[in-house]
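The structure under discussion appears below in the form of structure tokens.
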């Protein structure tokens with residue numbers, strides 16, 4: 054099988070390329086630029102293109118398939134050549150479906166919690182010895198790659214992104230997977246450049262539910278009013294609906310304990326993760342594993358060793374009375390959930406929360422209003438954004454005072470220079486105080502580990 058990737062350097066694309074290579078396919082690819090970690094990982098497997106750019110001579114009739122990445126444009130010369138030759142062109146999600154159409158597909162959708170829920174399911178299945186193919190949006194402990202494809206696994210677990218499929222296919226990715234078991238973790242308006250109103254965005258999840266295979270299962274967060282509304286308005290009688298909420302638990306001495314799902318068993322399971330949002334994700338993962346034949350007892354045994362997905366409320370470093378965490382949080386609900394989790398887990402400690410506006414939506418003046426009140430539970434709240442990010446996304450400049458008003462927090466400080474923000478952090482006393490850094494970026498190059506070392510010394 055000869056497969057060529059157009060825009061092989063993307064986060065999802067390079068992982069799929071590696072997965073196909075490991076499966077025994079002959080894989081080639083092109084891109085106009087590739088950065089780490091994709092660059093070094095492709096190089097490790099001998100898949101890094103010899104030169105960057107688009108090379109139409111690589112597109113020949115000998116190719117069995119083209120996989121087109123979202124980074125490529127509609128006028129990409131390799132794409133045009135492939136169309137001219139009549140080659141089979143797949144988007145990334147189309148190719149994943151093609152590889153999994155004969156398997157039981159578990160698809161995790163939602164505005165937040167997708168990666169963590171997917172990671173929890175994979176952790177439990179691996180612990181229980183169930184062979185599984187998968188696609189997940191973060192590097193996971195114990196898993197070499199972010200995509201696995203095989204001929205032998207009977208199950209595939211897929212993190213279902215609602216963003217667009219490819220430059221020539223404007224459907225949301227998760228509409229292509231046709232799940233046997235579907236999870237919806239939460240609905241909060243995002244990707245406003247594609248879904249201009251909340252109702253249009255919410256409707257993508259209603260369509261996702263309608264794409265569940267007959268006889269399938271919908272697992273949905275009943276604690277989210279919009280998710281519950283989508284589930285309850287769905288009229289299908291050929292699927293099973295299973296709502297979930299926060300499970301019984303307790304927090305003691307900085308450790309969260311999960312109470313047994315079996316009311317006949319008085320057992321507490323210590324967890325390495327914490328926070329209401331993680332407990333919700335855990336219940337969704339439990340129900341998905343139940344659907345695959347995993348018992349509650351097996352789940353509880355496995356989940357206590359789950360340490361979290363990369364960058365999801367990840368501990369950077371801790372001392373006796375201080376801890377530094379980083380989190381991928383950037384959407385309003387993610388900020389609320391992550392800050393609340395830190396305050397619940399460490400009720401006696403002060404919390405300094407820093408958030409970077411980094412995505413297209415978060416840097417848009419109209420969308421900024423969604424952040425009102427999201428950082429109120431932090432004792433000290435900082436927001437950072439760079440004018441360079443606005444320029445890259447071709448958005449108008451934002452005034453720091455406009456950002457502060459959007460958060461509706463009179464004590465909040467806004468920075469446009471990350472070095473200045475770091476300087477303020479270094480002036481603070483860190484006894485009985487935690488630091489939480491939240492962004493889908495890196496605050497323009499902050500080394501979190503080095504910062505933690507300096508603050509905790």
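In the numbering used here, the protein residues as written are 54 to 510.
Glycine included, every Cβ here is placed at the ideal spot set by N, Cα and C.
Small disclaimer: the values here were computed from a predicted structure and weren't measured.
Review point. How many whole angstroms separate the CB atoms of residue 428 and residue 462, which I take to be in contact at a CB cut-off of 8 Å?
Key: As a working note, residue 428 is residue 375 in the chain shown. As a working note, residue 462 is residue 409 in the chain shown. With a Cβ gap of about 6 Å, residue 428 and residue 462 count as contacting.
**Study point:** At least three beta-carbon pairs within less than 8 Å, the stretch 335-352 to the stretch 176-185
**Key:** yes
Review point. Considering only residues of the same chain and omitting the five flanking positions on each side of residue 248, which have a CB-CB separation below 6 Å?
Key: Stepping through the chain shown from its first residue, residue 248 is reached at position 195. Only 254 meet the Cβ criterion.
Check your understanding: Helix or strand or just coil, what does DSSP make of residue 324?
Key -> Residue 324 sits at position 271 when you count from the first residue of the chain shown. Coil.
Review point. Residue 435 and residue 410 look like a contact to me (Cβ under 8 Å); what is the Cβ gap, rounded to whole Å?
Key: Residue 435 sits at position 382 when you count from the first residue of the chain shown. Residue 410 sits at position 357 when you count from the first residue of the chain shown. About 11 Å; that fails the 8 Å criterion.
Exercise for review: With a 10 Å radius around its C-beta and 16 neighbouring C-beta atoms as the bar for buried, classify residue 104 as buried or exposed.
Suggested key: Here residue 104 refers to the residue found at position 51 of the chain shown. Residue 104 is exposed by the Cβ-count criterion.
Review point. Apart from the five residues on each side of it in sequence, which residues of its chain come closer than 7 Å, Cβ to Cβ, to residue 110?
Key: By 1-based counting over the chain shown, the position of residue 110 is 57. So no residue of the chain qualifies.
Practice item. Could you tell me which uninterrupted beta strand (DSSP E) segments, each at least 3 residues in length, are contained entirely in the stretch 121-191, listed from first to last along the chain? Key: 142-144, 157-162 and 186-188
**Study point:** Within 8 Å, strictly: CB atoms of residue 119 and residue 83
**Key:** Counted from its first residue, the chain shown places residue 119 at position 66. Counted from its first residue, the chain shown places residue 83 at position 30. No, the pair does not count as a contact, with Cβ atoms beyond the cut-off.
Practice item. Could you give the DSSP three-state label for residue 78: helix, strand or coil? Key: The residue labelled residue 78 in the question sits at position 25 within the chain shown. The answer is coil: DSSP assigns residue 78 none of H, G, I, E or B.
Review point. Quick one, which of 159, 191, 242 and 183 has its alpha-carbon nearest residue 422's?
Key: One-based indexing of the chain shown puts residue 422 at position 369. Checking every option, the nearest Cα to that of residue 422 belongs to 242.
Check your understanding: With C-beta atoms as the reference, is residue 183 less than 8 Å away from residue 75?
Key -> Position 130 of the chain shown, counted from the first residue, corresponds to residue 183. Position 22 of the chain shown, counted from the first residue, corresponds to residue 75. Between residue 183 and residue 75, the gap from beta carbon to beta carbon reaches 8 Å or more.
Practice item. Compute the distance between the beta-carbons of residue 330 and residue 278, then report whether it is under 8 Å. Key: For the purposes of this step, residue 330 is identified with residue 277 of the chain shown, where counting begins at 1. For the purposes of this step, residue 278 is identified with residue 225 of the chain shown, where counting begins at 1. The answer is no: Cβ separation not under 8 Å.
Practice item. Please report how far the alpha carbon of residue 298 lies from the alpha carbon of residue 305, in whole angstroms. Key: As a first step, residue 298 is located in the chain shown; it is residue number 245 there, counting from the start. As a first step, residue 305 is located in the chain shown; it is residue number 252 there, counting from the start. If I take the Cα positions, the gap works out to 21 Å.
Exercise for review: Go through its chain and collect everything with a Cβ distance to residue 143's Cβ below 8 Å, but skip five positions before and after it.
Suggested key: Numbered from 1 along the chain shown, position 90 holds the residue referred to as residue 143. Answer for residue 143: 118, 119, 120, 121 and 151, listed in chain order.
**Study point:** Option nearest residue 416 by Cα separation, candidates 235, 160, 244 and 116
**Key:** Taking the chain shown and counting its residues from 1, the one referred to as residue 416 is at position 363. If we check each option's Cα against that of residue 416, 244 comes out closest.
Exercise for review: Could you pull out every residue in the same chain whose Cβ sits closer than 7 Å to the Cβ of residue 212, ignoring the five residues on either side in sequence?
Suggested key: Here residue 212 refers to the residue found at position 159 of the chain shown. For residue 212, where only same-chain residues beyond five positions count, the Cβ hits under 7 Å are 161, 167, 168, 171, 188, 189 and 190.
Point to revise | Where residue 363 falls: helix, strand or coil (DSSP) | key: By 1-based counting over the chain shown, the position of residue 363 is 310. Correct three-state label for residue 363: coil.
Point to revise | Paired residues, beta bridge with residue 405 - DSSP | key: Mapped onto the chain shown, residue 405 falls at position 352. Answer is 433 and 488, bridged to residue 405.
Review point. Under the rule that 16 or more other beta-carbon atoms within 10 Å means buried, what is residue 137, buried or exposed?
Key: Translated into positions along the chain shown, residue 137 becomes position 84. When all chains shown are included, residue 137 counts as exposed.
Practice item. Consult DSSP for residue 93 and reduce its assignment to one of helix, strand or coil. Key: Here residue 93 refers to the residue found at position 40 of the chain shown. Correct three-state label for residue 93: helix.
Practice item. With a 10 Å radius around its C-beta and 16 neighbouring C-beta atoms as the bar for buried, classify residue 93 as buried or exposed. Key: As a first step, residue 93 must be located in the chain shown, where it is residue number 40. Looking at its Cβ environment, which holds fewer than 16 other Cβ atoms inside 10 Å, residue 93 is exposed.
Review point. Do residue 294 and residue 271 come within 8 Å of each other at the CB atom, strictly closer than that value?
Key: Your numbering for residue 271 matches position 218 in the chain shown. Your numbering for residue 294 matches position 241 in the chain shown. Cβ distance < 8 Å, so residue 271 and residue 294 count as in contact.
Point to revise | At least three beta-carbon pairs within less than 8 Å, the stretch 209-223 to the stretch 365-379 | key: Under the 8 Å Cβ criterion, the stretch 209-223 does not count as touching the stretch 365-379, having fewer than three qualifying pairs.
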